[in-house]
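So the structure is just underneath, and the comments pick up after that.
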Amino acid sequence: RVQEFLRHYQKEQRITVILTSHYMKDVEALCERAIVINKGTVVHDGPLAAIVDRFSRHKIVELQFADDVIPPGLERFGLLLQSRPPRVRLQIEKQYVSESLSSILSLHAVDDISVLERPLEEVIAELFSSDDQTVSDNRTEAVVG
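Residue numbers for the sequence shown follow the working numbering, beginning at 804 and rising by one.
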């Protein structure tokens, strides 16, 4: 309800709303632009959608294998996040996604593939923790409108 009110009020009044929050679901739902401040330094000022692209070094790759068995050795391509036959989720460095998928497809029968961005919340948490700070010591300010 608060999200609906803010969006409606912003459109009706044609104003800019500044939202300071650690709750990324609200930020994603309400904001098109974000300013990320880490240790008092602006590290991003631009489209919200660009944060994941700019700061995430990984993609999530979901694979569904033709057999009900997960082939061994997938860990060599990335971090195994989830394994529920016949599906598996891997976190793979962006620069190796194409090469990894090519290798996997040449070795195994795959029925379905999805390549996804990491969730904004994870990327922000990683960004803040990379300087030995916790997320609670930082703010994400986003502009609605």
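Glycine included, every Cβ here is placed at the ideal spot set by N, Cα and C. Since the structure is predicted, the reported quantities are computational estimates derived from the model, not experimental observations.
- Item | Per-residue DSSP class, three states only, for A837 | Strand at A837.
- Count the other C-beta atoms from every protein chain shown that fall within 10 angstroms of the C-beta of V805, then say buried if there are 16 or more, exposed otherwise. exposed
- Residue closest to D871, alpha-carbon to alpha-carbon, out of V913, E902 and Q813: V913
- Query: In or out: G881 buried (at least 16 other Cβ within 10 Å) or exposed?
  - Reply: buried
- Task: Return the chain-ordered list of same chain residues with a C-beta closer than 7 Å to the C-beta of E807, the five sequence neighbours on each side being excluded.
- Result: none
- Query: Can you give, in chain order, each stretch of the alpha helix (DSSP H) that sits fully within the segment 822-868 and has at least 4 residues?
  - Reply: For the segment 822-868, whole alpha helix (DSSP H) runs of length 4 or above, ordered along the chain, are 827-833 and 852-858.
- Message: I want to know whether the segment 849-865 touches the segment 821-838 - three or more CB-CB distances under 8 Å.
- Response: These segments touch.
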